[in-house]
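S.K.:
Numbering (UniProt numbering), first residue to last: 1 to 113.
1. Is the CB-CB distance between residue 40 and residue 25 below 8 Å?
2. Work out the CA separation of residue 78 and residue 84 for me, nearest whole Å.
3. So residue 10 packs on residue 38, CB below 8 Å; how close in whole Å?
4. Which of the three DSSP states, helix, strand or coil, is assigned to residue 17?
5. Note down, one range per segment and in chain order, each alpha helix (DSSP H) of at least 4 residues found wholly within the segment 31 to 92.
6. Quick one: Cα of residue 16 to Cα of residue 31, how far?
7. From residue 93 to residue 99, what distance separates their C-alpha atoms?
Rendered as structure tokens:
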């Protein structure tokens, strides 16, 4: 475990079967409240620390990318933070310029109607 106690010691100290603890850790079965209390006392933590998921769930979003975008990304991740910020600023400027051109083209199309 992360507190420096291996499974064998935990099982020995608390009188638990090794396979039971293994199944808990793999999520095959879950401990009953009595065992949760025993574990929380043993580790000196709250019961909620053992049963609630405190980690923030990070969902990876897969965005389809072109080979060019992948090449740009491979380069950007190697840059220092200030240089990454410069790339972001430049990309924002390019996007703004592109969007302005689209608006101008659309306006010209309306003029010819």
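Ideal placement from N, C-alpha and C gives every residue a C-beta, glycine not left out.
In this text, all values refer to a predicted model and were calculated from it rather than measured experimentally.
M.R.: Well, looking at it:
1. no
2. 9 Å
3. At roughly 10 Å, the Cβ-Cβ gap does not stay under 8 Å, so residue 10 and residue 38 are not in contact.
4. coil
5. 33 to 43, 47 to 51 and 67 to 76
6. 11 Å
7. 10 Å
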